[in-house]
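If you're matching them up, the sequences are chains A and B in order. Reading the first sequence from the start, the letters are residues 261 to 468 in the numbering used here. Reading the second sequence from the start, the letters are residues 261 to 468 in the numbering used here. Notes follow the structure.
Protein chains: 2
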Amino acid sequence: MSFSQLPIPTDGLKRSFSERQKFITEDAPANMHFHVVSGGARLFKSLPDGRRQIIGFAHRGDVLPAYPCIRYPYSAEAMRGMQVSCVPAPVLHHLHETSPGACAASLHSARQLLVGMHARLLMLGRQTARERLAAFLLGQGTRMGSTELWPVDPALSRADIADFLGLTTETVSRLLSTFHREKLISRERRAIHILDPDRLRAIMAMPE
Amino acid sequence: MSFSQLPIPTDGLKRSFSERQKFITEDAPANMHFHVVSGGARLFKSLPDGRRQIIGFAHRGDVLPAYPCIRYPYSAEAMRGMQVSCVPAPVLHHLHETSPGACAASLHSARQLLVGMHARLLMLGRQTARERLAAFLLGQGTRMGSTELWPVDPALSRADIADFLGLTTETVSRLLSTFHREKLISRERRAIHILDPDRLRAIMAMPE
DNA sequence: CGTCGGTTTGAATGTTATCAAACATGGTGG
DNA sequence: CCACCATGTTTGATAACATTCAAACCGACG
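The structure is reproduced here in C-alpha cells:
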C-alpha cells in the first residue's frame, strides 16, 4: 500500500496533525500534495449513508498526490500524531517538467500502485471474507526482502481492517477468533502475530 | 475505464487477434506494451479455481502498459476482432526519458486510472448489487461531454458485466429484469438502453 | 471504581451464490 | 429455408455467507 516515494525537497511548509485529524476531504479543491514525514494516515472514500472504504494507508516517505483532478478523490485522516510537508501542486508539476527523473519516478510509483489496486479489485470482487483476511494479515506481516514476520500495526482498529477489506468489524473479529482457534495467529490486545504463514497462504486463494 | 492515451508512433509491429483470443497472460514475462488500434479487449485476473475479476476494458487508442514489473499483472483477451501495435518496453522507456511530455502524459493517465480504481474499490467493497449495476449502466451509457445516452456495448456479455461488478451472471440477469420492470432500462437482445438516468443515479448511492 | 470506546460473541435476518431447468439466440448444415 | 445444436440468458428453489441487531466483555483512563 506504499504510495509514491519521491526525492522531493523536504523544505515545503510543515504541518502537524493529531490523531484522527482529517487533513484531506474528498471533493475539496485539490491544490496540495502531502509528503508524509512521520506518522501514518488512512485514505478512504465514503458514501452518503456512512459506508466507508479504505483505499490505502500512507506511511513515512509516501506522497499523497493531488492527482490530475480539481478535487481530491478521497479523504485522509491521521492514524496517530503525524507530520507532513506540503508541496503545492504547481511545484511538483514544475519539478516533473524540469527533471525527467522525477517524472519517471512518479510514473513508476503510480504504476506500482495500479498493480496493487488490481490485486485488491480481485480480492474485493471475488474472494471470501476468510481469504481476504488471510491475505491482509500476510500483506501486513511480511515486509519485502525479509522472511521475518511482523505483528500487524496496533494502530489499525478492527474497523480499519473491516473498511479495508469491505467487511464489518463483527466479521473481522469472528474470523480472527477462528484463526486464533486454528492456531494460525496469536493475539495480544490489538497486535496480531502470524504463527503459520504457510497455512495462511494456502487459505488466501484456495476454495477451502 | 480508459487506459493511457499516448502520442505513440504507431509504427510498431502490428498484430491481429480474433474474438476471444488471449494475447496477454498473467504472470508471463512482460516486455511489450500494446497500443490498441481497433477493436477492444477485456483485462482480468483469475484465481486458481476459475473465479475471475475484470480489471477493465481497453478500447481503440488505449495503451496496455507492461508496468514496472517483470510479469504482467493481468491477462487480456480480445472482445472481438482486434488490431494492436506492439511497443517493446525499452522503446517506450526511451521515449519517456527523452520526451518529458510523453512521460507526463503517461503519468497523467496512470493517475487518471488510479482515481477510477478508487471508485471501483468503494463499489466492490461497499455497494450492493443493485447499486453496482446502476453505476455500471450509467458509466457505460454516458460519455463525457455529452448528455446523450448510449446503449451498453452489446459485445459485453452478462458474464463480463458480472465479472466486472464482482457478481454472478444470474444476479446481473435478475437485476436487469428488475430494472426493466421498473422501467429504468429497455432491452433488445444484448443491447441495453437507459430510459431513466435520474432514477438510476438515485439508486447508485442511496441505501434503497 | 465507574465510564467510555472498542472488541468479542450470539441469534436472527437478508442478500447474493449455487444448483438446476427452461428459454432465447445465433450459427450451421442438410 | 428450416431443423438442429451450441452457447448464452432468464427464472426458480434452495443454501451459504456475511450483515444486522443486541448484549456481554475488556482495557484504558479519569
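Glycine included, every Cβ here is placed at the ideal spot set by N, Cα and C.
Asked                                                                                                                                                                    : Found
At a Cβ threshold of 7 Å, is A370/A touching chain B?                                                                                                                    : yes
Mind checking whether the beta-carbon of E408/B lies closer than 6 Å to any heavy atom of the ligand NAP?                                                                : Absence of the ligand NAP from the depicted structure is noted, as is the absence of any ligand whatsoever, leaving it without description.
Could you pull the DSSP bridge partners for E337/A from this structure?                                                                                                  : K282/A, R302/A
Take the Cβ of Q281/B as the centre, count every other Cβ of all protein chains shown within 10 Å, and call the residue buried at 16 or more, exposed below.             : exposed
Are the beta-carbon atoms belonging to G272/A and V347/A less than 7 Å from one another?                                                                                 : yes
How many angstroms separate the CA atom of R277/B from the CA atom of D456/A?                                                                                            : Here residue 277/B turns out to be Phe, not Arg, going by the sequence shown. Distance between the alpha carbons of F277/B and D456/A: 45 Å.
Examine chain A for any beta-carbon lying closer than 7 Å to the beta-carbon of M377/B, and answer yes or no.                                                            : yes
If you follow the beta strand (DSSP E) that V375/B is in, where does it begin and where does it stop?                                                                    : Element bounds for V375/B: not the beta strand (DSSP E) but the alpha helix (DSSP H), 360-386.
Measure from the alpha carbon of F294/A to the alpha carbon of each residue in L382/A, L409/A, D322/A, then state which is nearest.                                      : D322/A
Would A336/B and A288/B qualify as a contact pair, given that the criterion is a beta-carbon distance under 7 Å?                                                         : no
Compare the C-beta of S366/B with all C-beta atoms of chain A and state if any pair is closer than 7 Å.                                                                  : yes
Helix or strand or just coil, what does DSSP make of E545/B?                                                                                                             : With chain B covering 261 to 468 only, the question about residue 545/B has no answer from this structure.
Secondary structure at H319/A, three-state DSSP: helix, strand or coil?                                                                                                  : coil
Where does E357/B fall in DSSP's three states?                                                                                                                           : helix
Check for me: the beta strand (DSSP E) holding E442/A runs from which residue to which?                                                                                  : Taken as a continuous stretch (DSSP letters only), E442/A belongs to no beta strand (DSSP E), as it is neither H nor E.
Can the beta-carbon of L381/A be found less than 7 Å from the beta-carbon of Q313/B?                                                                                     : yes
How many Å lie between P414/B and I452/B at the Cα?                                                                                                                      : 8 Å
Three-state secondary structure (DSSP) at R311/A?                                                                                                                        : coil
Determine, for M261/A, whether the minimum Cβ-Cβ distance to residues of chain B falls below 7 Å.                                                                        : The predicted position of M261/A is uncertain, since its pLDDT is 49 and thus under 50; a value taken from the coordinates is nonetheless stated next. Chain B contact via Cβ: absent.
For S369/A, count neighbouring C-beta atoms within 10 Å of its own C-beta (all shown protein chains included) and say buried if the count is 16 or more, exposed if not. : buried
Please classify E448/B: is it buried, with 16 or more other beta-carbons within 10 angstroms of its beta-carbon, or exposed?                                             : exposed
Exposed or buried, G401/A, counting other C-beta atoms within 10 Å across all chains shown (16 or more means buried)?                                                    : buried
Closest by CA to E442/B, which one among R459/B, S433/B, T285/B?                                                                                                         : R459/B
So Y334/B and A290/B are in contact, right, with Cβ under 8 Å, and what is the actual spacing, rounded?                                                                  : Contact flag wrong, Cβ pair sits at about 10 Å.
When you compare only the Cα positions, how much space is there between R392/A and P411/B?                                                                               : 35 Å
At a Cβ cut of 8 Å, what residues of the stretch 307-324 of chain B count as close to chain A, listed as they run along the chain?                                       : L307, P308, D309, R311, R312, Q313, I315
Among all the DSSP beta bridges, which residues are the ones paired with R331/A?                                                                                         : P289/A
Quick check on K305/B: buried or exposed, where buried means 16 or more other Cβ atoms within 10 Å of its Cβ?                                                            : buried
Keeping to the same chain, check which residues put their C-beta closer than 7 Å to that of A465/A; ignore five residues upstream and five downstream.                   : E391
DSSP three-state call for S417/B: helix, strand or coil?                                                                                                                 : coil
So, are the CB atoms of L208/B and A362/B less than 7 Å apart?                                                                                                           : Because chain B in this structure spans residues 261 to 468, residue 208/B falls outside the shown range and cannot be described.
Alpha carbon to alpha carbon, how far is M292/A from A349/A?                                                                                                             : 5 Å
At the level of alpha carbons, what is the spacing between F283/A and L324/A?                                                                                            : 11 Å
By alpha-carbon positions, which one of L444/B, L303/B, T285/B ends up nearest to D420/B?                                                                                : L303/B
Could you check where the alpha helix (DSSP H) with R275/B kicks off and where it finishes?                                                                              : No alpha helix (DSSP H) holds R275/B; the beta strand (DSSP E) holding it covers 273-277.
Quick one: list the residues of chain A neighbouring R280/B, beta-carbon separation under 7 Å, in chain order.                                                           : What R280/B touches in chain A: nothing, since even the nearest Cβ is about 21 Å away.
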